[in-house]
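Asks: What follows is a single structure, and I will ask about it in a moment.
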Amino acid sequence: MIDDVVMANRFRGFLPVVVDVETGGFNSKTDALLEVAAVLVDMDDEGLLHRGETIRYHVKPFEGANIEPASIAVNGIDPFHPLRPAIDERDALQRVFREVRRAVRENRCSRAVLVGHNAHFDLGFMNEAVERSSIKRNPFHPFSCFDTATLCGVGFGQTVLARASIAAGFGWDETQAHSASYDAEMTADLFCEVVNRFRDIFETSRANAPPQP
0 MIDDVVMANR FRGFLPVVVD VETGGFNSKT DALLEVAAVL VDMDDEGLLH
50 RGETIRYHVK PFEGANIEPA SIAVNGIDPF HPLRPAIDER DALQRVFREV
100 RRAVRENRCS RAVLVGHNAH FDLGFMNEAV ERSSIKRNPF HPFSCFDTAT
150 LCGVGFGQTV LARASIAAGF GWDETQAHSA SYDAEMTADL FCEVVNRFRD
200 IFETSRANAP PQP
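Shown next, in the form of structure tokens:
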């Protein structure tokens, strides 16, 4: 490993976890959370990031949730299909958070930070679902996040997920798009690619930084 480059040192103690949600609309307070996917990020011995495990759950709409037909037309989800393996919102979040907390411990980090494409959308829905579910142990920072729409605008000149993925050389499968797991995995690949391109710059700046008190 390059010196002491571990995940805990790369992002000031934060563990980046890529999250994508599929929803019944754009209003996090009123619209249903229908899918959630979290992709863990691993670091190799050279200090390079790679996409890790994907955790994904179908979610039952909370009681009284609004579902916009236009949103369903885009993501193709039938929230009430009898064969849809959906679980309650609280259960889904607790299962995701359990794996995230484990990864935080294993990487010697203090907290997770959400990575998303237009990340505040996903973070807003996650925070509202946490509040509705009265979950006390949320491993994610409540307002900080890494936005790959911004990173891809800098790195590839593209801010739309599909276009950025193509520009980065990963391609894009439209038949899988708008599922939480596929979008989260492509976002994770883009995040790792951009961060890896800055590895040498990070090493130089770290070497020039004043010692910690």
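Okay, so the sequence shown: first residue is 0 according to this note's numbering, each after it adds one.
Glycine included, C-beta positions come from ideal geometry on N, C-alpha and C.
Everything numeric in this text was worked out from a predicted model, so none of it was measured.
1) What are the uninterrupted segments assigned as beta strand (DSSP E) that are 3 or more residues long and contained completely in the stretch 54–141, given in chain order?
2) Provide the residue span of the alpha helix (DSSP H) that contains A163, from first to last.
3) Answer yes or no: do C151 and A176 have a C-beta to C-beta separation smaller than 9 Å?
4) Just the Cα atoms here: how many angstroms apart are A208 and E202?
5) Output the boundary residues of the beta strand (DSSP E) element that contains V40.
6) One question on the structure: do K59 and P81 come within less than 9 Å of each other, judged by their Cβ atoms?
7) Pair every Cβ in the stretch 65–77 with every Cβ in the stretch 2–16, then say whether three or more of these pairs are closer than 8 Å.
8) Quick check: the Cα distance between V193 and T186, rounded to an integer number of angstroms?
9) Would DSSP call R11 helix, strand or coil?
10) Helix, strand or coil: how does DSSP classify T174 here?
11) Is S180 helix, strand or coil by DSSP?
12) Give the straight-line distance between the Cα atoms of E226 and Y56, rounded to the nearest whole angstrom.
13) Please identify the residue among N195, F61, G156 whose C-alpha is closest to the C-alpha of A91.
14) Output yes or no for whether 9 Å exceeds the beta carbon distance between G50 and R100.
15) In the DSSP output, which residue or residues are listed as bridge partners for E202?
16) Look at the alpha carbon of I200 and the alpha carbon of D87, and state the distance between them as a whole number of angstroms.
Replies: Let's see:
1) 110–115
2) Position 164 of the sequence shown holds residue 163. Segment 160–166, the alpha helix (DSSP H) holding A163.
3) Residue mapping note: residue 151 aligns to position 152 of the sequence shown, counting from 1. Residue mapping note: residue 176 aligns to position 177 of the sequence shown, counting from 1. Not a contact, by the Cβ cut-off of 9 Å.
4) Position 209 of the sequence shown, counted from the start, is the residue given in the question as residue 208. Position 203 of the sequence shown, counted from the start, is the residue given in the question as residue 202. The straight-line gap from Cα to Cα measures roughly 10 Å.
5) Position 41 of the sequence shown, counted from the start, is the residue given in the question as residue 40. Its beta strand (DSSP E) spans residues 32–42.
6) Here residue 59 corresponds to residue number 60 of the sequence shown, with the count starting at 1. Here residue 81 corresponds to residue number 82 of the sequence shown, with the count starting at 1. Going by C-beta atoms, K59 is not nearer than 9 Å to P81.
7) No, they do not touch.
8) Residue mapping note: residue 193 aligns to position 194 of the sequence shown, counting from 1. Residue mapping note: residue 186 aligns to position 187 of the sequence shown, counting from 1. Each residue's Cα considered, the two are about 11 Å apart.
9) As a working mapping, residue 11 is identified with position 12 in the sequence shown. Coil.
10) Position 175 of the sequence shown, counted from the start, is the residue given in the question as residue 174. It is coil, neither helix nor strand.
11) Stepping through the sequence shown from its first residue, residue 180 is reached at position 181. Three-state DSSP puts S180 in a helix.
12) Only positions 0 to 212 of the chain appear in this structure, which leaves residue 226 out of reach.
13) Along the sequence shown, read from residue 1 onward, the residue named residue 91 stands at position 92. Distance from the Cα of A91 is smallest, within the candidate group N195, F61, G156, for F61.
14) The residue you call residue 50 lines up with position 51 of the sequence shown. The residue you call residue 100 lines up with position 101 of the sequence shown. Here the sequence assigns Arg to residue 50, which means Gly is not the residue at that position. It is not a contact, given that the beta carbons lie outside the stated cut-off.
15) One-based indexing of the sequence shown puts residue 202 at position 203. Bridge partners of E202: none, in fact.
16) Position 201 of the sequence shown, counted from the start, is the residue given in the question as residue 200. Position 88 of the sequence shown, counted from the start, is the residue given in the question as residue 87. Cα-Cα distance, rounded: 44 Å.
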